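Written below as structure tokens is the structure these notes are about.
Residue numbers (the UniProt record's numbering), protein chains in the order written: chain C, 1 to 361; chain G, 1 to 340.
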């Protein structure tokens, strides 16, 4: 649990606004800060011991945006945020910002980037923090704390602030392309040499497309464009979601959502149609057509044979196409804090024991 | 230049050179950026009051929490334990030595250690009580050893019902001075006094006798090593053992460079900044003072064992001349909460 409830949302809101302003100027940030009267986050009747703790946590929350994987702009915003929080905190003496040894080279590089790209206001703010001795240079990013935790929470990164890491691009760089081109040329020449006609390779040796390097480059570019478009779409969808409350979201994500929907429909259709009418004598044992809530909605027909043995791998796959009720149930159980329900759940479904199920729900 | 004055403090060992390096950018921009830009200057505000119209989620949540507290709480002030905790945490902050030679040098390392108490009560199942101390990297291990206060050092062995005044002469700390730290396969034995024994010898022999897979355990003298000499893992449980078998787990939770605002008086280290508040056992008679004696087979007591403070014990068990009344066995008792 984050020790300062709501703070993360506030910080993200401020940084989000800063991102939208599409600038790294401190003036703009200060404006946004003033609009929100952000210095009041420390207000409220809090005693000294508690205040120290709160302030420490607050700085910790703000500090995470200052480091990768966040984009340059968000990191500059986080720097201003740290500066603002550090200078307006009410603790006496001021609580410090922890900088871990492993992060220091990264921060140093960031500072150099600021200077090189002539963002002197940001560089100045960083310097001011240094001169105000705002940092504790520590071995570890967090002060260790030993307590048996009752609740574990995964910390999640805000997607929009992240620097889109592009594995494809990092794999296929210009150097690699050039190297490929050279190898390809070399390969062609070799083929020419061993061919009968020295100017052109033999037809039989034509095992690879001639222009594959160019094609590869085009594909990479296309992928990059697609990724950027998707990012924008995602952000747009989020924003409209906030305003019109979910209705419009569908249309924006239609292209991706429809795929999933149709897959769902397909599976549903198949599972319904697969139940064949049993002969009269066996009708009492007939496989019932259960609504998917009852939990027997595997991707296939609910024949008894298949459900006898556990199928962890297949189940995992079918998880994604589970209906919402099931997904909701799973998140609910996770709240209670029983992380290994999948196993148990499985056995429940094998037996198709309905009463047991109901009790669990 | 104004910047140099700041740098003079010299606590920027991480990279003091680059501070000077980009100093030229600062001066022309200086006037523009002020904290004032972040605070609205229109009116004086009371930090205790949460503004009504705030859009910040944090404040809305906090406001609700505070309001709820105001409804339910009767006396709104810091309790004793909170005051104590705050004082412990902050008492050394910013202290400066009288004598400049005692000043902690720039670039000194500051270690935060959690020293756990060897209590295994059921109620401490979830979080074990510990004390937190700050030590300097240049300090000797013996300085930490001397600063660790533990009730087992104050135990008094023996039965003293016939001569209760002689009890204080038999404190364990003076009788059994051996102790060791165990860090990374090496036992650091306290050998400062001739009567110190090598407590680790039995363990090393045990380990070697059957080749139990603990590698080469070594034994060295504690007084020869400072924390800077050690190679340590943060968060790894190490051991301090004294009085033969009183074992304290030690965990290093943090290592950082010393800061200008820290206590800079060398003599004050190791600084105790956190201590667990242990329940004390009270005297059975007055129910007020911490027990100092425990009796067995006591003809005058309703329970066996029975606890007494010093005054009540003497009033009940001895006459005006100091003669023993009734039959009983009396042992000095040292309460774990005595350091509260």
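Beta carbons are placed, not taken as given, at the ideal position from N, Cα and C, and that holds for glycine. Fair warning: this is a prediction, and the values are worked out from it, not measured in the lab.
Put simply, the backbone Cα of residue 119(C) is about 12 Å away from that of residue 77(C).
By the Cβ neighbour-count rule, residue 243(G) is buried, with 16 or more other Cβ atoms within 10 Å of its own. Under the 8 Å criterion on CB atoms, residue 138(C) is classed as interfacial with respect to chain G.
Taking 8 Å as the upper bound for CB-CB distance, residue 97(C) and residue 136(C) are in contact here, some 7 Å apart. About 6 Å separates the Cβ atoms of residue 49(C) and residue 82(G), confirming a contact at the 8 Å cut-off. Shown here for residue 333(G): same chain residues with a beta carbon closer than 7 Å to its own, the five before and five after excluded, namely 291, 292, 293, 294, 307 in chain order. The three-state reading of DSSP puts residue 277(G) in coil, since its state is none of H, G, I, E or B. Restricting attention to 110(C), 41(C), 47(C), the CA atom closest to the CA of residue 75(C) is found in 110(C). Taking a 10 Å sphere around the C-beta of residue 199(C), we find fewer than 16 other C-beta atoms and assign the residue as exposed. Per the coordinates, the alpha-carbon of residue 30(C) lies some 26 Å from the alpha-carbon of residue 45(C).
If you draw a straight line from the Cα of residue 213(C) to the Cα of residue 181(C), it is about 6 Å long. With contacts defined as CB atoms closer than 8 Å, residue 248(G) and residue 74(G) fail to qualify as a contacting pair. Distances from the alpha-carbon of residue 289(G) to those of 337(G), 193(G), 322(G) put 337(G) closest.
Three or more beta-carbon pairs separated by less than 8 Å link the segment 135-151 of chain G to the segment 263-271 of chain G, which places the two stretches in contact.
With its beta carbon less than 8 Å from one in chain C, residue 82(G) belongs to the interface. The CB of residue 17(C) never comes closer than 8 Å to any CB in chain G; the least such distance is about 12 Å. Following the DSSP letters along the chain, one finds residue 253(G) in no alpha helix (DSSP H) but inside the beta strand (DSSP E) bounded by residues 246-257. DSSP places residue 241(G) in the strand class (E or B) of the three-state scheme.
Contact of residue 54(G) with chain C by beta-carbon distance below 7 Å involves 37, 40. Relative to residue 51(C), the option among 12(C), 95(C), 228(C), 15(C) whose CA is nearest is 95(C). By the neighbour-count definition (other C-beta atoms within 10 Å, threshold 16), residue 277(G) is an exposed residue.
If you draw a straight line from the Cα of residue 112(C) to the Cα of residue 13(C), it comes to about 28 Å. Taking CB atoms only, residue 106(G) has no neighbour in chain C less than 8 Å away. Looking at the backbone, the Cα of residue 203(C) and that of residue 67(C) are separated by about 55 Å.
For a Cβ distance threshold of 9 Å, residue set 93 of chain C lies close to residue 94(G), ordered along the chain. Taking a cut-off of 8 Å on C-beta distances, the segment 179-195 of chain C touches the segment 207-227 of chain C, as three or more cross pairs fall below it.
One Cα belongs to residue 168(C), the other to residue 217(C), and the distance between them is close to 11 Å. For residue 253(G), the residues of chain C that pass the 7 Å Cβ criterion are 143, 144, in the order they occur in the chain. At a cut-off of 8 Å between beta carbons, residue 235(G) contacts chain C. DSSP places residue 181(G) inside the beta strand (DSSP E), whose first and last residues are 179-183. Here the segment 226-242 of chain G lies against the segment 165-182 of chain G, with 3 or more beta-carbon pairs under 8 Å apart. Restricting attention to 208(G), 238(G), 303(G), the CA atom closest to the CA of residue 113(G) is found in 238(G). Straight across, the Cα-Cα distance linking residue 201(G) with residue 216(G) is about 13 Å.
Less than 8 Å divides the Cβ of residue 62(G) from the Cβ of residue 50(G). For residue 45(C), the nearest beta carbon of chain G is closer than 8 Å to its own beta carbon. Between the segment 208-227 of chain G and the segment 258-266 of chain G, the count of C-beta pairs closer than 8 Å stays below three; the two stretches do not touch.
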